[in-house]
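For the sequence shown, my numbering gives the first residue as 52, with consecutive numbering after it. Okay, so here's the structure we're looking at.
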Amino acid sequence: MTRAPAVRGTLLGLLAVILLAGGLRGYALSSPGSIVWDEYYYARDACVEVKGPSPVCERAREQSNVHPPFGKELIALGIRLFGYTPFGWRIAAWAAGTLTVGVLYLLALRLFRSAGWATLAAGLLAIDPLHFVQSRLAMLDVFVTLFVVAAALFAVLDRDRGGDGVMRPWLALCGISVGLAIASKWSGALIVPALLPLFVAWAAPGRRVRAALTAGVWLLAVPAAVYTATYAGRLDAGLAGWPHAFARRQLHMLRFHSDLSGDSQYQSRPWEWLAIRRPVAYYFSADGDRYREVIAIGAPFVWWTGAIGVLSAAWTSLRARSAAGPEALVAMCACATYLPWLVLASGRGFVFLNYLLPTVPFLCLGAAVLARRLSSALPGRALVSVVTAAAVAWFAFYYPVLTARPLSGSQWQQRIFLRDCGRAVTQTPYGPVPALGVVVLPPGGWCWV
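Right, dumping it as structure tokens:
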């Protein structure tokens, strides 16, 4: 008698977060009705994949070959189905973003054994401004995030199944997901240093060497095979010359990212991401006193409480010397997808806030970890309610500048209230905007213009 209501509650929670995420992300998906930010590369390259060299695509060949092909293939699938239109080139990102919210719900359900806490974690991701914006643009980070969260879910399912053999279906799916994450963008590989130690720690003490070897096969060899397979048919080489062409492409990509230098007015250092010091304005237009913008910005109430929750989870796991609870996975995955950037981005230009996207679902899990701990007492429950309400209010307040809805100049400035951007002139990168300032490279303070 108790199982049926519990199953219904679980399914209703999953359906609710998927409908919330999909509905919010899908409304007016074609706005703005033009190429935005890095859609210049990925949407047009996907168009070339579908139509071949064509004036419609505005290019004759792929230009973003410094990234793997799989994410662009997903964008191309949307173009095949719905044409080379804003809706067509963004629908794959919409699907990936919506699915990520559902997958996070299932992961949180496995970790917390509670539909309520799973709904909270997934609901916070559904209204996260950065994830919301990236789910509405033809860029690669949202695909990386989907497959990273899926890999974490399959890892937990393998743990809960108690698999101890070499053939483990959930572990195989975990390896495939890791491979697809890397095949979307190399940053997907950052999840591997989190999952490998967890698989070893989850094994019985006498079986950890075997667990390490098994996990190594599924989390290193399988992703490598999946990654390689995504290049099938994409290299201009015969069968005999294909390995050389593949290796040459990887070396080209490595050199590009290693030698990348220069400045962008929207770049930021990894330590600035959680502080939301420098959001990225993907789109801006001004027509008199009518402003429209799409800005990739963070959610302070979720990110900061999530970061505290991650630190708390790490301390709990270290103190207990156990990886059995949900805290270990939350802490490991959040740290693995974020901390390496402190080194990788050192001395490199063109590093942006949206690189934090794969960490955001684990910040939502961290917020749920903290909320679950605080909710044992009435003051804690009140605090959780206040922070959740603040997160909802933040999303609602910023919704117009996440979706290019028209605002008056004063309404726009209420949202873009941090403008310590450098010398004052009357020109932004997108055109003249009275009484504002253009950004110097890089901006000196907290700059949201």
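For each residue, glycine too, the CB sits at the ideal point set by N, CA and C.
Under 7 Å between C-beta atoms of residue i and residue j
{"i": "residue 160", "j": "residue 169", "result": "yes"}
{"i": "residue 109", "j": "residue 127", "result": "no"}
{"i": "residue 404", "j": "residue 331", "result": "yes"}
{"i": "residue 281", "j": "residue 120", "result": "yes"}
{"i": "residue 87", "j": "residue 333", "result": "yes"}
{"i": "residue 180", "j": "residue 385", "result": "no"}
{"i": "residue 381", "j": "residue 364", "result": "yes"}
{"i": "residue 64", "j": "residue 166", "result": "yes"}
{"i": "residue 229", "j": "residue 200", "result": "no"}
{"i": "residue 240", "j": "residue 225", "result": "no"}
{"i": "residue 198", "j": "residue 232", "result": "yes"}
{"i": "residue 321", "j": "residue 366", "result": "no"}
{"i": "residue 84", "j": "residue 145", "result": "no"}
{"i": "residue 401", "j": "residue 311", "result": "yes"}
{"i": "residue 73", "j": "residue 149", "result": "yes"}
{"i": "residue 497", "j": "residue 469", "result": "yes"}
{"i": "residue 288", "j": "residue 275", "result": "no"}
{"i": "residue 368", "j": "residue 379", "result": "yes"}
{"i": "residue 242", "j": "residue 277", "result": "no"}
{"i": "residue 418", "j": "residue 460", "result": "no"}
{"i": "residue 374", "j": "residue 252", "result": "yes"}
Cβ-based burial, residue i [other Cβ within 10 Å; buried from 16]
{"i": "residue 475", "result": "Low confidence applies to residue 475: its pLDDT is 46, below 50, so where it sits in the model is not reliable enough to give any reading."}
{"i": "residue 134", "result": "exposed"}
{"i": "residue 483", "result": "In this prediction, residue 483 scores a pLDDT of 46, lower than 50, which makes its location untrustworthy; the coordinate-derived value is nonetheless stated afterwards. Residue 483 is exposed by the Cβ-count criterion."}
{"i": "residue 383", "result": "buried"}
{"i": "residue 182", "result": "buried"}
{"i": "residue 118", "result": "buried"}
{"i": "residue 104", "result": "exposed"}
{"i": "residue 151", "result": "buried"}
{"i": "residue 247", "result": "buried"}
{"i": "residue 500", "result": "buried"}
{"i": "residue 478", "result": "The pLDDT assigned to residue 478 is 45, lower than 50, so where the model puts this residue is not dependable, and the model offers no usable value."}
{"i": "residue 213", "result": "exposed"}
{"i": "residue 465", "result": "exposed"}
{"i": "residue 436", "result": "exposed"}
{"i": "residue 486", "result": "Unreliable placement is indicated for residue 486, whose pLDDT of 44 sits below 50; no coordinate value is reported for it."}
{"i": "residue 204", "result": "buried"}
{"i": "residue 412", "result": "buried"}
{"i": "residue 218", "result": "exposed"}
Opening and closing residue of the beta strand (DSSP E) in which residue i lies
{"i": "residue 335", "result": "331 to 338"}
{"i": "residue 346", "result": "341 to 347"}
Residue closest to residue i, alpha-carbon to alpha-carbon, out of the options
{"i": "residue 420", "options": "83, 154, 138 and 158", "result": "158"}
{"i": "residue 210", "options": "227, 315, 249 and 189", "result": "249"}
{"i": "residue 473", "options": "243, 460 and 495", "result": "495"}
{"i": "residue 399", "options": "308, 268 and 288", "result": "308"}
{"i": "residue 314", "options": "112, 57 and 493", "result": "493"}
{"i": "residue 188", "options": "243, 95 and 222", "result": "95"}
{"i": "residue 408", "options": "299, 424 and 354", "result": "354"}
{"i": "residue 143", "options": "242, 337, 235 and 356", "result": "235"}
{"i": "residue 80", "options": "132, 115, 92 and 138", "result": "138"}
{"i": "residue 114", "options": "102, 125, 286 and 93", "result": "93"}
{"i": "residue 338", "options": "387, 125 and 456", "result": "456"}
{"i": "residue 190", "options": "259, 370 and 347", "result": "347"}
In DSSP terms, what residue i is bridged to
{"i": "residue 498", "result": "470"}
{"i": "residue 110", "result": "105"}
{"i": "residue 459", "result": "341"}
For residue i, the first and last residue of its enclosing alpha helix (DSSP H)
{"i": "residue 357", "result": "351 to 371"}
{"i": "residue 213", "result": "Segment: none, residue 213 is in no alpha helix (DSSP H) and carries neither H nor E."}
{"i": "residue 378", "result": "377 to 389"}
{"i": "residue 226", "result": "220 to 235"}
{"i": "residue 308", "result": "293 to 310"}
{"i": "residue 413", "result": "411 to 425"}
{"i": "residue 451", "result": "429 to 453"}
{"i": "residue 321", "result": "321 to 324"}
{"i": "residue 144", "result": "137 to 163"}
{"i": "residue 274", "result": "273 to 280"}
{"i": "residue 261", "result": "259 to 267"}
{"i": "residue 182", "result": "180 to 185"}
{"i": "residue 176", "result": "166 to 177"}
{"i": "residue 395", "result": "392 to 395"}
{"i": "residue 242", "result": "Here residue 242 belongs to no alpha helix (DSSP H), and DSSP marks it neither H nor E."}
{"i": "residue 86", "result": "Segment: none, residue 86 is in no alpha helix (DSSP H) and carries neither H nor E."}
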